[in-house]
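Peer 1: Dropping the structure in here first, questions after.
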Amino acid sequence: MTTLVVASSQHGSTREIAERIAKVLRVNKGVTTVVEHPKDAPKWLATVDAVVVALPIYRDALDKAGKAFLDTHRAELADKSLFILASGAAPSINPRLQATIDSYGPRDTAYLRGALTEEKLGFLDKLSIKLVKGQYGDFRNWEAIEAWGKSLSDRGAH
Ligand SMILES: Cc1cc2nc3c(=O)[nH]c(=O)nc-3n(C[C@H](O)[C@H](O)[C@H](O)COP(=O)(O)O)c2cc1C
1 MTTLVVASSQ
11 HGSTREIAER
21 IAKVLRVNKG
31 VTTVVEHPKD
41 APKWLATVDA
51 VVVALPIYRD
61 ALDKAGKAFL
71 DTHRAELADK
81 SLFILASGAA
91 PSINPRLQAT
101 IDSYGPRDTA
111 YLRGALTEEK
121 LGFLDKLSIK
131 LVKGQYGDFR
141 NWEAIEAWGK
151 SLSDRGAH
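Numbering-wise (full-length UniProt numbering), the sequence shown opens with residue 1 and increments by one.
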């Protein structure tokens with residue numbers, strides 16, 4: 001069986017988290033994994049029984065492409081072992097977004113901090129960050145990311 005890892009990402013840091021999760025599942029747990037963008041992921045749904053969806057938070061909302069995948073495939077995902085990982089720069093997730101994530105019926109969820117790199121952003125995005133006094137930096141905790149990834153094999157990602 002293959003575990004599908006759906007990586008929604010605007011500037012690449014959530015994609016790297018998703019790839020690391022796929023790697024630890026493959027290398028440490030012997031799980032066959034495939035990492036896909038939400039647009040290319042649906043073709044796998046008929047053949048996998050575990051799905052990990054990784055999506056960033058932008059402007060206090062779940063990233064559109066990742067959320068569209070969850071919304072469009074809600075019924076199919078209900079029959080699978082579903083895991084959802086949200087990533088943002090804030091130290092913790094807004095409870096309203098956590099409630100939205102929980103509404104998809106995941107077997108487990110994680111909030112893992114991402115990376116905010118000034119050089120990757122356009123003028124308007126930089127202005128938004130300035131307005132909320134956001135901090136730039138790479139906040140990813142690779143140990144926590146790998147630990148969560150490995151834990152999925154005991155809960156249906158195989
Ligand atoms: C314009 C903008 C708005 C953002 N809004 C939020 C937010 O509301 N909450 C949060 O925790 N992080 C926020 N972030 C931080 C991103 O979630 C973080 O940088 C994430 O790792 C980006 O993932 P990506 O590189 O895969 O696109 C924002 C970043 C940008 C550029």
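Using N, Cα and C, we set each Cβ at its ideal position, and we do this for glycine too.
For S8 and I57, which I take to be in contact (beta-carbon distance under 8 angstroms), what is that distance rounded to the nearest angstrom?
Peer 2: Incorrect: roughly 11 angstroms between the Cβ atoms, too far for contact.
Peer 1: Does ligand 1 have a heavy atom nearer than 7 angstroms to the CB of G88?
Peer 2: Checking the Cβ of G88 against ligand 1 gives yes.
Peer 1: Please confirm whether any heavy atom of ligand 1 lies closer than 7 angstroms to the CB of D40.
Peer 2: No, the Cβ of D40 stays beyond 7 angstroms of every heavy atom of ligand 1.
Peer 1: Touch check for the segment 97-111 and the segment 36-43: three-plus C-beta pairs under 8 angstroms?
Peer 2: At 8 angstroms Cβ cutoff, the stretches do not touch.
Peer 1: Report the CB separation of E19 from V35 in whole angstroms; it is logged as a contact under 8 angstroms.
Peer 2: Correct: roughly 6 angstroms between the Cβ atoms.
Peer 1: Going by Cα to Cα distance, which pick from G134, I145, Q10 and I129 is closest to G66?
Peer 2: Among G134, I145, Q10 and I129, the Cα nearest to that of G66 is on Q10.
Peer 1: What does Y104 pair with, by DSSP beta-bridge criteria?
Peer 2: Partner(s): none; Y104 has no beta bridge.
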